[in-house]
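Asker: Please see the structure below; I have some questions.
There are 2 protein chains.
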Amino acid sequence: METNEPEAQAEPEPFRVPRFEIEGRTTALQEELRKTGIDGLFIVQRADLFYFTGTAQNGFLYLPAEGKPLLLIKQSVSRARAESALDTIVEIDSVKAVPGLIAEFCSRTPDRLGLELDVLPVNEFRFYRNLLKTKDCVDASPLILHVRRIKSSWEIAQLESTAEMARRTFGYMRTVIAPGLTEMEFAGMYEAYARTIGHAGKLRVRNYNTEGYPWHVLSGSSGGLVGVLDSPASGEGTSAAFPAGAGNRRLRSDEPIMVDLGSVMNGYHLDETRMFAIGSMPEKAYRASRSAMEIHDAVIERARPGTILAELFDQAVAMAVRLGFGDVFLGPPGHRVSFIGHGIGLELVEPPFIARGRNAPLEEGMVFALEPKLVYENEFAAGVESVFRVTAAGGRLISKVPVEIFIC
Amino acid sequence: METNEPEAQAEPEPFRVPRFEIEGRTTALQEELRKTGIDGLFIVQRADLFYFTGTAQNGFLYLPAEGKPLLLIKQSVSRARAESALDTIVEIDSVKAVPGLIAEFCSRTPDRLGLELDVLPVNEFRFYRNLLKTKDCVDASPLILHVRRIKSSWEIAQLESTAEMARRTFGYMRTVIAPGLTEMEFAGMYEAYARTIGHAGKLRVRNYNTEGYPWHVLSGSSGGLVGVLDSPASGEGTSAAFPAGAGNRRLRSDEPIMVDLGSVMNGYHLDETRMFAIGSMPEKAYRASRSAMEIHDAVIERARPGTILAELFDQAVAMAVRLGFGDVFLGPPGHRVSFIGHGIGLELVEPPFIARGRNAPLEEGMVFALEPKLVYENEFAAGVESVFRVTAAGGRLISKVPVEIFIC
Chain P
-17 METNEPEAQA EPEPFRVPRF EIEGRTTALQ EELRKTGIDG LFIVQRADLF YFTGTAQNGF
43 LYLPAEGKPL LLIKQSVSRA RAESALDTIV EIDSVKAVPG LIAEFCSRTP DRLGLELDVL
103 PVNEFRFYRN LLKTKDCVDA SPLILHVRRI KSSWEIAQLE STAEMARRTF GYMRTVIAPG
163 LTEMEFAGMY EAYARTIGHA GKLRVRNYNT EGYPWHVLSG SSGGLVGVLD SPASGEGTSA
223 AFPAGAGNRR LRSDEPIMVD LGSVMNGYHL DETRMFAIGS MPEKAYRASR SAMEIHDAVI
283 ERARPGTILA ELFDQAVAMA VRLGFGDVFL GPPGHRVSFI GHGIGLELVE PPFIARGRNA
343 PLEEGMVFAL EPKLVYENEF AAGVESVFRV TAAGGRLISK VPVEIFIC
Chain C
-17 METNEPEAQA EPEPFRVPRF EIEGRTTALQ EELRKTGIDG LFIVQRADLF YFTGTAQNGF
43 LYLPAEGKPL LLIKQSVSRA RAESALDTIV EIDSVKAVPG LIAEFCSRTP DRLGLELDVL
103 PVNEFRFYRN LLKTKDCVDA SPLILHVRRI KSSWEIAQLE STAEMARRTF GYMRTVIAPG
163 LTEMEFAGMY EAYARTIGHA GKLRVRNYNT EGYPWHVLSG SSGGLVGVLD SPASGEGTSA
223 AFPAGAGNRR LRSDEPIMVD LGSVMNGYHL DETRMFAIGS MPEKAYRASR SAMEIHDAVI
283 ERARPGTILA ELFDQAVAMA VRLGFGDVFL GPPGHRVSFI GHGIGLELVE PPFIARGRNA
343 PLEEGMVFAL EPKLVYENEF AAGVESVFRV TAAGGRLISK VPVEIFIC
């Protein structure tokens, strides 16, 4: 049959960030630049570049506080032009051409220049500062992340596409999970499946020392291991060289298995956790998992515009105490994390944080991964994680995976 | 049968970096510190930390130019103690405890402090500089990478273990490659297999804007796409958000398919490329692939201690010209890269580079990924990549994958 021939199968539509998105983001950032007296912004980092241009080719964006953005591309300019809705895209042989092109295309060269000082390594920063001959270089990453914190309807639609892929991936897990598979074997199986339906494989994390990966499978006692991650449980990992996430431990029947899946499609991430058990879940883990789900539902219920981030956090902690889980909530004693949720979008972890002491309010359009987790040290981890958005009417799930314990 | 029960299957022996390794590395680095007048080194980055301690838990290493290293661990100190052969491992609640502990454990506080300025982001650097109250902070990453450039016999053995896993993975690819699979589907299949035999999934790359991944599958015209990577061919990728590596294109019969596999086990990386074809390889691509293999063999043949890196590079270019491939060697016109090989070890790409203008000599114990590649723009890529080490008698392959074109 002809439809079985590879040539006859339709290639997916190419993904493109629309012009109105780029323009809206640019306008919002330029407003921030003017408010803070920054004349222009020099963007280097991949996620930021993609956000403000629609392309992740090798290059730089110069965004003046007023006027049109200038995209300078080392390679490949033809791909950048096909991908980006920006008007001015110039090919450069070397980064040394940048100052001359800024002078040529923009009405003025910046006296005060913004750079991404939270990610830019010192040596690279010094190189650009010298090249651009601007003495007053300031950190503009808070402004960038401030604009990125509100997701447009177009971005929500992207996240929903990722959510559908993740829902199907969790469904697949239920059909293949089996005793005897190592955590990493199981992770390899579901990741291979996820790739067939759009998973892009590579999670982006802003912090250079935080290594994101989609294989956070913590079975039985692996879930009770704290470690390198700023997370309630780190897992065993494959060796001392990478001591986090899935490891060599084999899945067993009748034990709690936590699967924390990072998903990414077209650059947009989801981060979701569900509890699995093969056969049955021990009563202690079952009760802990149910309580995490109660806390999860209550936080989403209360997540309205104006609610203070720290209050949501404090209420979750108070609820865990009330339910009798105060000593294991968010990590074992001495190893507790101080957040229950993090922003998510073009990076797996981005501001804002639902965390202790964060006094900013929730705003419509914010998107969070919410992860109330309970850790019994050296025993197991239990919990749940979903991505939700803040609407005028309150929190609404973007995640499409049923909020259930999966007994397979 | 009882041996089929998960409980009865043996868990792998835990991997540990031996004490003599850590001591040798420490001694070599301390010698460099003294030569350059640096009093102490503050190590933060994960790969460096693992190299000098044997653990990748969350913490910091302070290495004085004389005396014992001090490992400060935020989490988990019990895991760090089990993993690291260092004597002095202290638990800290906060990084703020660091200056006091350096003063307590070391004979003097540093006047001149070395930091990893090639990877440390500006904001983090400023925080540590302020915390440690050392005005004279210098970049010590060249010294660290200088020590790391020579691999010990123990490290060679680690790389050989990774090579055996990679050999089996390439063998597996030959059994499953089929027309109709997308590049990413195929990549997911072989990665899932590789995870069952020890692949740790996460490749480490030093540069914050270079995103390493194991799925560089470039079939047919995908191989002819230049783009974001500093590599002869970038591939299509899954979307504009991640425009490199395997994409949605379906593999076809009778076309050249380049598979560039990054492997990692116990922290040690391999980087290897082989050409595949299903059915037959077109003559033009076959000839190009054979020529890449000739250049590959010739470079390894010439790789003796004392040979200058730039000369090896220049000879490879001259050979490509002689063979009639001058216009496609290392990329299409206007997009040529200026290296044919890179160091490899705890990171996928590390110094030294077999590159234009590099005047340093090869030394015994250096390990390189050598990748002569030919790119016909918008047509295909052809080439080969193997990892070899420099011995007193010349270059010796660490890679165990046959240097062949795989017609499946």
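From first to last, the protein sequence lines are chains P and C. Read in order, the letters of the first sequence correspond to residues -17 to 390 in this note's numbering. Read in order, the letters of the second sequence correspond to residues -17 to 390 in this note's numbering. Where is the CB? At the ideal position from N, CA and C, for every residue including glycine.
Could you confirm whether any beta carbon from chain P is found closer than 9 Å to the beta carbon of C:Pro103?
Answerer: At least one chain P Cβ lies under 9 Å of C:Pro103.
Asker: If you draw a straight line from the C-alpha of C:Thr255 to the C-alpha of C:Pro196, how long is it?
Answerer: Going by the C-alpha atoms only, they are around 11 Å apart.
Asker: Would you verify that the beta carbon of P:Gln27 is, or is not, closer than 9 Å to some beta carbon of chain C?
Answerer: It does; some Cβ of chain C falls within 9 Å.
Asker: What's the gap between the Cα of P:Glu345 and the Cα of P:Gly288?
Answerer: Rounded to the nearest angstrom, the two C-alpha atoms are 6 Å apart.
Asker: Less than 9 Å separating the beta-carbons of P:Gln27 and C:Asn189?
Answerer: The Cβ atoms of P:Gln27 and C:Asn189 lie no closer than 9 Å to each other.
Asker: Using the DSSP secondary-structure output, state which residues sit across from P:Pro393 in a beta bridge.
Answerer: Within the shown structure, residues of chain P are numbered from -17 to 390, placing residue 393 of chain P beyond reach of any answer.
Asker: Classify C:Ala275 as helix, strand or coil using the three-state DSSP reduction.
Answerer: The identity of residue 275 of chain C in the sequence shown is Met, whereas the question assumes Ala. C:Met275 falls in the helix class under three-state DSSP.
Asker: Of the residues that make up the segment 217 to 229 of chain P, which ones have a beta carbon closer than 7 Å to any beta carbon in chain C?
Answerer: Thr220, Ser221, Ala222, Ala223, Phe224 and Pro225
Asker: Less than 8 Å between the CB atoms is what I'm expecting for C:Arg186 and P:Ala169, so what's the real figure, rounded?
Answerer: Not really, about 18 Å apart at Cβ, beyond 8 Å.
Asker: Can you check whether the C-beta of P:Gly22 is within less than 9 Å of a C-beta belonging to chain C?
Answerer: no
Asker: Can you pull the chain C neighbours of P:Ala337, defined as C-beta to C-beta under 8 Å?
Answerer: In chain order: nothing, as chain C lies at least about 16 Å away.
Asker: May I have a chain-ordered list of the beta strand (DSSP E) segments no shorter than 3 residues that lie completely inside the segment 77 to 116 of chain C?
Answerer: 94 to 97
Asker: State the Cα-Cα distance for the pair C:Tyr476 and C:Gly205, rounded to the nearest angstrom.
Answerer: In the structure as shown, chain C starts at -17 and stops at 390, and residue 476 of chain C therefore has no counterpart that could be examined.
Asker: Output the residue ranges of the beta strand (DSSP E) runs that lie fully inside the segment 171 to 253 of chain P and measure 3 residues or longer, sorted by chain position.
Answerer: Counting only runs of 3 or more residues that sit fully inside the segment 171 to 253 of chain P, the beta strand (DSSP E) segments are 198 to 201 and 239 to 247, in chain order.
Asker: Got a sec: which bits of the segment 162 to 174 of chain P sit with their beta carbon under 8 Å from any beta carbon on chain C, in order along the chain?
Answerer: Listed by position, the residues of the segment 162 to 174 of chain P near chain C (Cβ gap below 8 Å) are Gly162, Thr164, Met166, Glu167, Ala169, Gly170, Met171, Glu173 and Ala174.
Asker: Could you say if the segment 372 to 388 of chain P and the segment 273 to 287 of chain P meet the contact criterion of at least three C-beta pairs nearer than 8 Å?
Answerer: yes
Asker: I want to know whether the segment 229 to 245 of chain P touches the segment 155 to 163 of chain P - three or more CB-CB distances under 8 Å.
Answerer: yes
Asker: Looking at chain P, which residues of the segment 179 to 198 of chain C have a Cβ within less than 9 Å of any of its Cβ atoms?
Answerer: Gly180, His181, Ala182, Gly183, Lys184, Arg186, Asn189, Tyr190, Asn191, Glu193, Gly194, Tyr195, Pro196 and Trp197
Asker: Starting from C:Gly36, find everything on chain P with Cβ-Cβ shorter than 8 Å and list it in chain order.
Answerer: What C:Gly36 touches in chain P, judged by beta-carbon distance under 8 Å, is Ala222, going in chain order.
Asker: Looking at the strands, I want to know which residues DSSP matches up with C:Thr70.
Answerer: In DSSP, C:Thr70 forms no bridge with anything.
Asker: Does the beta carbon of P:Ala79 come closer than 9 Å to any beta carbon on chain C?
Answerer: no
Asker: Here's a check: name, in chain order, each residue in its chain whose Cβ is nearer than 6 Å to the Cβ of P:Asp21, leaving out the five neighbours to either side.
Answerer: Ala47, Pro92, Asp93 and Arg94
Asker: Kindly list, in the order they appear in chain P, the residues whose Cβ is closer than 8 Å to that of C:Glu65.
Answerer: Ala222 and Pro225
Asker: Rounded to the nearest angstrom, what separates C:Gly347 and C:Ala364 at their Cα positions?
Answerer: 29 Å
Asker: With DSSP as the reference, please indicate the residues paired to P:Pro46 in a beta bridge.
Answerer: Beta-bridge pairing links P:Pro46 to P:Gly22.
Asker: Can you tell me the Cα-Cα spacing of C:Gly227 and C:Glu173, whole angstroms?
Answerer: Cα to Cα, C:Gly227 sits roughly 14 Å from C:Glu173.
Asker: Give a yes or no on whether the C-beta atoms belonging to P:Ala298 and P:Ile277 are separated by under 9 Å.
Answerer: yes
Asker: Mind pulling the chain C residues with CB within less than 8 Å of P:Ser58?
Answerer: Those within 8 Å of P:Ser58 in chain C are Leu207, Val208, Gly209, Val210, Ser216 and His317.
Asker: Would you call C:Arg7 buried or exposed, if buried means 16 or more other Cβ atoms sit within 10 Å of its Cβ?
Answerer: buried
Asker: Write down the C-beta distance between P:Val208 and P:Gly313 rounded to the nearest angstrom, noting that I regard them as a contact closer than 8 Å.
Answerer: 6 Å
Asker: For C:Leu439 versus P:Asn40, is the C-beta distance shorter than 9 Å?
Answerer: Since the first residue shown for chain C is -17 and the last is 390, residue 439 of chain C is missing from the structure and cannot be characterised.
Asker: Could you confirm whether any beta carbon from chain C is found closer than 9 Å to the beta carbon of P:Met301?
Answerer: no
Asker: Between C:Asp100 and chain P, is there a C-beta pair that is closer than 9 Å?
Answerer: In terms of beta-carbon proximity, C:Asp100 lines the interface with chain P, with at least one pair separated by less than 9 Å.
Asker: When Cβ atoms are compared, which residues of the segment 321 to 337 of chain C fall closer than 7 Å to chain P?
Answerer: Those residues of the segment 321 to 337 of chain C that come within reach of chain P (Cβ to Cβ, closer than 7 Å) do not exist; the list is empty.
Asker: Can you give the Cα-Cα distance for P:Leu11 and P:Arg338, rounded to whole angstroms?
Answerer: 28 Å
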